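The sequence shown begins at -19 in our numbering and counts up one residue at a time.
Virtual Cβ for every residue (Gly too), placed ideally from N, Cα, C.
Remember, it's a predicted structure, so these values are computed and weren't measured experimentally.
One structure is given below, encoded as structure tokens.
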Amino acid sequence: MREFKKLHPVIEHLLARKNKKVPVKDRRKIALVLLGGAMAGIRGAGSMVALHELGLSNAFDEIYTSSAGFCNASYLLSGNPKEGASIYYENLCGNQFINYLKPWRVVNIDHMINCARKSLNVENILTSKTKLYARVENVSKNQEGFLEAHKFPNQKYFELMRAATVIPYLSPGTIKIGHYEYKDIITDDGWVNLLFDVLSSDLTDVLIIYNTKVQYGHIHKKAVTSLNSDRVYEILPQASWKLSKLETNSKIIKQAAIQMGNLTKSIFGSKKPISIKSSK
């Protein structure tokens, strides 16, 4: 007799929402947490393709993001995460995004934003009932926190994306939105504190997707271990998978998306590999 592996409660609760849109009357409040990591963000992008193919694009009540995680979540809610993933290995490879010959601005955030403008359906995001949070530093107030995407008009969305992804030292500067100046945060301590507050709230289920083992090392011990293990499920890349945060090789970047996407699908009980766009 064939034995079926029992799924984690968070995974089961998400699968119960397959092809449904929040709000769902199941007495649950489910959140997704997505981290950054520059080009390592391709792993999260691969997971977004998997969630989309599993019918879970609209299954989350809230999504909390950092840096590249905001871009990945945006494409999930936009409805075209495959396009979001392809930007990494088609438009951000070579020296188009990372260029060491320009030490004053190694990472070209403007190029990434211009790519997103061509393919991201902001209206789909802002009409979604999923709350989307971006972790940023309010430089004007010297304060870290979350900005919720629905509080910004359509024409300001890419400024919010820019603020969430401006990497200190690699893409210097701040982004002004309204009366305040914002930028991305590269330290983990502030993120851990904010995430601990999120996890300690009234959320019933939390899915965390890591892009690097280092992220897991920082966050799991400080923000997750003290919580009920049935409430949180973590997906992280395998130790043998190698990927630099500043990777520029298109084939390596694309393979990272496939690896993480297939891992995510397998966790949800699917053996079917993800389908992503072919390179140009």
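Using the Cβ count rule (16 or more neighbours within 10 Å means buried), how would you classify residue i?
i: residue 234; result: buried
i: residue 153; result: exposed
i: residue 11; result: buried
i: residue 219; result: exposed
i: residue 32; result: buried
i: residue 81; result: exposed
i: residue 266; result: Nothing about residue 266 can be read from this structure; the chain reaches only from -19 to 260.
Between the alpha carbons of residue i and residue j, how many angstroms are there, rounded?
i: residue 115; j: residue 156; result: 15 Å
i: residue 20; j: residue 237; result: 9 Å
i: residue 184; j: residue 211; result: 6 Å
i: residue 252; j: residue 121; result: 48 Å
i: residue 37; j: residue 191; result: 19 Å
i: residue -14; j: residue 6; result: 21 Å
i: residue -11; j: residue 39; result: 15 Å
i: residue 77; j: residue 9; result: 37 Å
i: residue 225; j: residue 106; result: 30 Å
i: residue 164; j: residue 173; result: 16 Å
i: residue 3; j: residue 79; result: 43 Å
Give the C-beta separation of residue i and residue j to the nearest angstrom, bearing in mind that I take them to be a contact with Cβ-Cβ under 8 Å.
i: residue 195; j: residue 17; result: 7 Å
i: residue 97; j: residue 138; result: 6 Å
i: residue 204; j: residue 162; result: Their Cβ separation, rounded to whole angstroms, is 27 Å, which puts residue 204 and residue 162 out of contact at 8 Å.
Once you ignore the five residues that flank residue i on each side, which residues in its own chain have a CB closer than 8 Å to its CB?
i: residue 256; result: 26, 29, 62, 65, 66, 234, 237, 238, 241
By Cβ distance below 7 Å, which residues in the same chain neighbour residue i in space, the five residues on each side in sequence not counted?
i: residue 142; result: 89, 93, 155
i: residue 250; result: 34
What are the start and end residues of the beta strand (DSSP E) that includes residue i?
i: residue 118; result: 111 to 118
Which residue comes first and which comes last in the alpha helix (DSSP H) that contains residue i?
i: residue 230; result: 230 to 247
i: residue 63; result: 61 to 70
i: residue 218; result: From DSSP, residue 218 is part of no alpha helix (DSSP H); its letter is neither H nor E.
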